[in-house]
Structure formats: C-alpha cells, structure tokens
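A.B. asks:
Shown next, in the form of structure tokens:
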C-alpha cells in the first residue's frame, strides 16, 4: 500500500477545491443550460476552466458558474405537493395574449 503524498506548504490540494456547476448559453436569446461540473479554487478559475472544457468548438456565447453549495433545489419526490398550488393561478399561464409570429425561441 502506498502512503498518501503530503501537499507541500503553500500548494493547493485539488480535492479540497469547491465544486462548481457550469451553465452555457448556446445562442443569443436561448436560456443557459447545465453542461457539467468541475472543481476550481475560485470563480475566475471555474469560469476559465468551464470555457476550456465545455465550449471547445466556440459553441457558446455566455457561461455561468455557480458554486454547487449555493444551489438549493426541490426534490423530484415532492413534485406533486410542491407544484400543485400553481394549478389554481391561471394568470401565470401565457394564455391571455397572442405571440407575434416573428418572435423566436418562445
């Protein structure tokens, strides 16, 4: 069995870097889409690494990075109880206006 190697003083252990979620917007007018995760010491490095890893062929126009610890999400198991109250709020449904034909991505 090999001994774990010690990290030299002043160096950073990549395993201790926070996890970042990466979102890329493919074209103007489209929403950002989650494309993956990566570890980085700070937001700037996460942004650069996200660009290098997830937009290699220049397919993105914008990148967001968010620390995974800062994301709060609902559970799929609670779907019915969490989203049921929205059914009685018909004013939230886009059925009261006509969308012009020249509007894209809606």
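In this note's numbering, the protein residues as written are 4 to 109.
Quick reminder that beta carbons are idealized off the backbone N, C-alpha and C, glycines included.
(1) Assign residue 56 to one of three DSSP states: helix, strand, or coil.
(2) Do you know how far the Cα of residue 48 is from the Cα of residue 100?
(3) Check whether the segment 51-69 and the segment 24-35 are in contact - that is, three or more C-beta pairs closer than 8 Å.
(4) Using DSSP's beta-bridge definition, name the partner residues of residue 19.
(5) Do residue 43 and residue 67 have their beta-carbon atoms positioned less than 7 Å apart in this structure?
(6) Would you decide whether residue 39 is buried or exposed? Buried here means 16 or more other CB atoms lie within 10 Å of its CB.
(7) With DSSP run on the structure shown, which of helix, strand or coil describes residue 81?
(8) Going along the chain, which residues of its own chain have a beta-carbon closer than 6 Å to the beta-carbon of residue 35, five neighbours each way excluded?
(9) Based on the DSSP secondary-structure assignment, which residues constitute the bridge partners of residue 42?
(10) Need the endpoints of the beta strand (DSSP E) that residue 68 sits in, please.
(11) Please tell me whether residue 108 and residue 33 are closer than 7 Å, where the distance is taken between their beta carbons.
C.D. replies: Straight from the coordinates:
(1) If you number the chain shown from 1, residue 56 lands on position 53. Here residue 56 sits in helix by DSSP.
(2) Within the chain shown, numbered from 1, the residue matching residue 100 stands at position 97. Within the chain shown, numbered from 1, the residue matching residue 48 stands at position 45. Residue 100 and residue 48 have their C-alpha atoms roughly 44 Å apart.
(3) yes
(4) In the chain shown, residue 19 corresponds to position 16, counting from 1. None, per the DSSP bridge assignment.
(5) Residue 67 sits at position 64 when you count from the first residue of the chain shown. Residue 43 sits at position 40 when you count from the first residue of the chain shown. For residue 67 and residue 43, no; Cβs fall outside 7 Å.
(6) Here residue 39 is taken as the residue at index 36 of the chain shown, counted from 1. Exposed.
(7) As a first step, residue 81 is located in the chain shown; it is residue number 78 there, counting from the start. The answer is helix: DSSP assigns residue 81 an H, G or I state.
(8) Residue 35 sits at position 32 when you count from the first residue of the chain shown. For residue 35, where only same-chain residues beyond five positions count, the Cβ hits under 6 Å are 26, 28 and 67.
(9) Numbered from 1 along the chain shown, position 39 holds the residue referred to as residue 42. According to DSSP, which records beta bridges pairwise, residue 42 is partnered with 22.
(10) Stepping through the chain shown from its first residue, residue 68 is reached at position 65. First-last of the beta strand (DSSP E) with residue 68: 65-70.
(11) Here residue 108 is taken as the residue at index 105 of the chain shown, counted from 1. Here residue 33 is taken as the residue at index 30 of the chain shown, counted from 1. Yes, the pair counts as a contact, with Cβ atoms nearer than the cut-off.
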